[in-house]
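Residue numbers (our numbering): 9 to 157. For glycine and all other residues, C-beta sits at the position ideal for the given N, C-alpha and C. Keep in mind it's a predicted model, so treat the numbers as computed, not measured.
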Ligand code: HEC
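So, in structure tokens, the structure goes:
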């Protein structure tokens, strides 16, 4: 309990969290940017699948199903140009001025235990969508069998 709370508090305090290791963000490039894995058949690794699930727990109610925008900006489009650090800064800390939409403010999710540790996974999922590698809808997971649940 205690170490987890501490880790969450530290996560919330970090402005730029490039070095935070989210539970399933095991695929990072040399700069620590999490990398999705999508096979030719459209199936994804567990970390990217986790991002799909976590995105649709919360973000979708403002940003729309499949990341395509609703009250808040289309994040599939945003991630075509937005880098990982900027994404994390916004996802962790939120946006104070509501300039891009009338859908309300963008809250920060860094301190949310259901989302804060999974923002890397959400990034992977949205980046795969932005790169045109992943179709809308629930992806299959190619590593499901190894995981035993
Ligand atoms: C209560 C509604 C709401 C929820 C829930 C929400 N957002 Fe947002 N988000 C917004 C709004 C509104 C903006 C636009 C802020 C502005 O005016 O710049 C935004 C902007 C963003 C941006 C910047 C987009 C750009 O192109 O500038 C990112 C990235 C983002 N949100 C990620 C997320 C993620 C990841 C989640 C889920 C963990 C999430 N948001 C959940 C409302 C929301």
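Discussion item. I'd like to confirm the pairing. Which residues does DSSP put opposite residue 114 in its beta bridges?
Written reply: The residue labelled residue 114 in the question sits at position 106 within the chain shown. Answer by DSSP bridge pairing, in chain order: 103.
Worksheet entry | Bridge partner(s) assigned by DSSP for residue 42 | Sequence index remark: in the chain shown, residue 42 carries index 34 (1-based). Residue pairing from DSSP places residue 42 in a beta bridge opposite 36.
Fill in: Between the CA atoms of residue 64 and residue 96 - distance to the nearest angstrom
Your numbering for residue 96 matches position 88 in the chain shown. Your numbering for residue 64 matches position 56 in the chain shown. Cα to Cα, residue 96 sits roughly 17 Å from residue 64.
Worksheet entry | At least 3 beta-carbon pairs within less than 8 Å: the segment 133-151 vs the segment 45-65 | With the cut-off at 8 Å, the segment 133-151 and the segment 45-65 touch.
Worksheet entry | 7 Å Cβ shell around residue 66 - same chain, five flanking residues per side excluded | Reading the chain shown from its first residue, position 58 is the one you call residue 66. Only 123 meet the Cβ criterion.
Practice prompt. Check the DSSP bridge columns for residue 149 and list the partner residues they point to.
Written response: The sequence position of residue 149 within the chain shown is 141, counting from 1. Bridge partners of residue 149: 52.
Worksheet item: Between residue 148 and the rest of its own chain, which residues show a CB-CB distance below 6 Å, the 5 nearest in sequence each way excluded?
Response: Here residue 148 refers to the residue found at position 140 of the chain shown. 51, listed in sequence order.
Worksheet item: How would you write the range of the alpha helix (DSSP H) that residue 67 sits in, first residue to last?
Response: Against the chain shown, residue 67 aligns to sequence position 59. Premise fails: residue 67 is in no alpha helix (DSSP H) and is neither H nor E.
Item to complete: Label residue 73 either buried or exposed according to how many other C-beta atoms from any shown protein chain fall within 10 Å of its C-beta, with 16 as the threshold for buried.
Response: Stepping through the chain shown from its first residue, residue 73 is reached at position 65. For residue 73, the number of other beta carbons within 10 angstroms of its own is below 16, and it is reported as exposed.
Worksheet item: First and last residue of the alpha helix (DSSP H) that includes residue 133?
Response: Mapped onto the chain shown, residue 133 falls at position 125. Here the alpha helix (DSSP H) through residue 133 covers 127-138.
Item to complete: Check whether the Cβ atoms of residue 92 and residue 126 lie closer than 8 Å to each other.
Response: The count along the chain shown starts at 1 and reaches residue 92 at position 84. The count along the chain shown starts at 1 and reaches residue 126 at position 118. Note that the C-beta distance between residue 92 and residue 126 is not below 8 Å.
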